[in-house]
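Heads up: the sequence shown is residues 105 to 262, going by the numbering used here.
Cβ atoms here follow ideal geometry from the backbone N, Cα and C, with glycine treated the same way.
Quantities reported herein were computed from a predicted structural model and do not represent experimental measurements.
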Amino acid sequence: MAIAPWGDAYTMKDARLQKFRIGSMAIDLPSFLETRIEDDTLVAFPPRTDFANLRFDVVSVSKDGAEVAGAGEEMIREGALEAGAQLCEDRGRVWYHVIEPASEGSAGSLMHYWYVGLGGHSLVVSCFVDAAESSHPLTQSVLASVQPAIDSFRRDTK
105 MAIAPWGDAY
115 TMKDARLQKF
125 RIGSMAIDLP
135 SFLETRIEDD
145 TLVAFPPRTD
155 FANLRFDVVS
165 VSKDGAEVAG
175 AGEEMIREGA
185 LEAGAQLCED
195 RGRVWYHVIE
205 PASEGSAGSL
215 MHYWYVGLGG
225 HSLVVSCFVD
235 AAESSHPLTQ
245 SVLASVQPAI
255 DSFRRDTK
């Protein structure tokens, strides 16, 4: 799966954003986040920190090389039902958010997960938040960047 920054950073609604391709999909992230690729996963994090990082993974469902229409959305609907989570829907996307205790970090650290469906694709966003830094302004900025990233999740039109 190819994950690559796409073009130069640009300005949208007073926030500098950078576009990334993840497989056949694209997503926008704020420029304050540094990024790296780990095993086909886009990892985004504030510079010089390790207490709030985001991981973006895309799963695409296809049959005979063609996208299976609605398969990603259906997976997310079923996951929300199983998790007992509130399903959100907007502009062709469906998503839900769950929080679980983290197995690493200081006591009370959390893992946030957002599951997003669009057509035959799903996006999984995970974010580790160390409890000792949960009120840090950078942590809050990282968490606040997720909804705009979900809103920007789309097919890559190159």
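Legend entry - From D144, Y217, E138, residue whose alpha carbon lies closest to that of Q190: Your numbering for residue 190 matches position 86 in the sequence shown. Closest option to Q190, judged by alpha-carbon separation, among D144, Y217, E138: Y217.
Legend entry - Entirely enclosed beta strand (DSSP E) segments - the region 184 to 257, minimum 3 residues: 192 to 194, 197 to 205, 214 to 222, 225 to 233
Inset, instruction - Would you mind working out which of F232, A170, A175, I126 sits nearest S210, comparing C-alpha positions? - result: For the purposes of this step, residue 210 is taken as the residue at position 106 of the sequence shown. With distances taken between Cα atoms, S210 lies closest to F232.
Inset, instruction - For I254, collect the residues of the same chain with a Cβ closer than 8 angstroms to its Cβ; drop the 5 residues on either side in sequence, then sort them by chain order. - result: Within the sequence shown, the letter at position 150 stands for residue 254. Closer than 8 angstroms at the Cβ level, and outside the excluded window around I254, lie R197, W199, W218, V220, L227, V229.
Legend entry - Neighbourhood of E204 by C-beta distance below 6 angstroms, restricted to the same chain and skipping five residues each side: The residue given as residue 204 occupies position 100 in the sequence shown. Here the set comprises M215.
Legend entry - Cross-strand partners of R140 (DSSP beta bridge): Start at 1 with the first residue of the sequence shown, and residue 140 comes out as number 36. R140 has V147 as its beta-bridge partners, per DSSP.
Inset, instruction - Report the rounded CA-to-CA distance for L121 versus Q251, giving the unit in angstroms. - result: As a position in the sequence shown, residue 121 is number 17, starting the count at 1. As a position in the sequence shown, residue 251 is number 147, starting the count at 1. Roughly 14 angstroms between the two C-alpha positions.
Inset, instruction - Can you grab the Cα-Cα spacing for the pair R259 / S128, in whole Å? - result: Position 155 of the sequence shown, counting from 1, holds the residue named residue 259. Position 24 of the sequence shown, counting from 1, holds the residue named residue 128. Taking the straight line from one Cα to the other gives about 6 angstroms.
Legend entry - S164 - containing beta strand (DSSP E), residue span: What you label residue 164 is simply residue 60 of the sequence shown in a count that begins at 1. Start and end: 156 to 164.
Inset, instruction - Have a look at A184, V163, E186 and flag the residue whose alpha-carbon is nearest the alpha-carbon of A175. - result: Locating residue 175 in the sequence shown gives position 71, counting from the first residue. Residue nearest to A175 within the set A184, V163, E186 is V163 (criterion: CA-CA distance).
Inset, instruction - Buried or exposed for D143, please, with buried defined as at least 16 other CB atoms from any protein chain shown within 10 angstroms of its CB. - result: Stepping through the sequence shown from its first residue, residue 143 is reached at position 39. Exposed, by the Cβ-count rule.
Inset, instruction - Indicate the three-state DSSP secondary structure (helix, strand or coil) for E170 in the structure shown. - result: Within the sequence shown, residue 170 is the residue found at index 66, counting from 1. Rather than Glu, the amino acid found at residue 170 in this sequence is Ala. DSSP places A170 in strand when its eight states are reduced to three.
Inset, instruction - Measure from the alpha carbon of D194 to the alpha carbon of each residue in E178, L222, V172, then state which is nearest. - result: The residue you call residue 194 lines up with position 90 of the sequence shown. That would be L222, whose Cα lies nearest to the Cα of D194.
Inset, instruction - Give me the Cα-Cα distance between S166 and T139, rounded to the nearest whole angstrom. - result: Within the sequence shown, numbered from 1, the residue matching residue 166 stands at position 62. Within the sequence shown, numbered from 1, the residue matching residue 139 stands at position 35. So the alpha carbons of these two residues sit roughly 28 angstroms apart.
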